Amino acid sequence: MSEARWYVVHTYSGYENKVKANIDKTIENRHLEGQILEVRVPLEEVVELKNGVQKVSQKKLFPGYVMIHMIMNDDTWYVVRNTRGVTGFVGPGSKPVPLEEEEMARFGIAREQISDLEVGDVIKVLRGPWEGTVGAIRDINMQKQTLGIYIEMFGGDTRIELSFADVKKMD
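In numbering that gives the first Met the number 0, the protein residues as written are 0 to 170.
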């Protein structure tokens, strides 16, 4: 079986979240969880000043594009390509081209961060709502490239899931 790679699809502007939701639903309905691993709309936090008040909001990093971590085959290509709102894969002609390592890093997906993380390691969250939080890794999902830590919240331990790209191993 071939390896899962990251691909980029072009969507109608404003349809990014609908495309993600539709592909996620199709994955579930057709049981493609082992072939289409993650659908992502890259976001960045921006601080805006509205009426003299600073407001943090999420803005699409690449409007009109959705990233998909998948094993490319006829079935997965067909499912993604025929999702409403998708205009096509990024690549020459109809041939999808997977992202290179350095492109993945720009999207916040880094392979080298994966290999040295283990359950029990102490990590620090680099960005997002949990930025600055320090915790011990309780579980790792290699397929989704996420890890779970527990933080104390509401009088008990609460599990939060974080992307590998959003954490750094503490020395």
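Backbone N, C-alpha and C fix where the C-beta goes; we use that ideal spot for every residue, glycine too. In this text, all values refer to a predicted model and were calculated from it rather than measured experimentally.
Cβ-based burial, residue i [other Cβ within 10 Å; buried from 16]
i    : result
E130 : exposed
K19  : buried
P128 : exposed
H68  : buried
M141 : exposed
S162 : buried
V7   : buried
V95  : In the sequence on display, residue 95 carries Pro and not Val. Answer is buried; the Cβ neighbour count reaches 16.
V45  : exposed
Beta-carbon proximity list for residue i, same chain, < 8 Å, skipping 5 on both sides
i    : result
T157 : Y149, I150, E151
D138 : V118, L146, G147
V133 : V121, I122, K123, V124, M169
Three-state class that DSSP yields for residue i in the structure shown
i    : result
M103 : helix
D73  : helix
N50  : coil
D138 : strand
K123 : strand
F163 : helix
T157 : strand
E37  : strand
E117 : coil
T132 : coil
R83  : coil
Contact set for residue i: own chain, Cβ-Cβ below 6 Å, skip 5 residues either direction
i    : result
Y14  : G84
E43  : K58, L60
T25  : V78
L98  : W5
K54  : E47
V166 : I122, V124
G90  : V96
K17  : G84
Check: residue i C-beta below 7 Å from any heavy atom of the ligand ADP
i   : result
F61 : The ligand ADP is absent from the structure shown, which contains no ligand whatsoever.
Sequence-distant residues of the same chain with beta carbon closer than 7 Å to residue i, five excluded per side
i  : result
A3 : L36, H68, M69, I70
Inter-stretch contact (C-beta, 8 Å, three-pair minimum) for the segment 115–127 and the segment 49–64: no
Does the structure place the segment 33–42 close enough to the segment 132–145 that three or more beta carbon pairs sit under 8 Å? yes
The segment 75–92 contacting the segment 5–13, beta-carbon criterion three pairs below 8 Å: yes
Cβ contact (3+ pairs, closer than 8 Å) linking the segment 25–34 and the segment 72–81: yes
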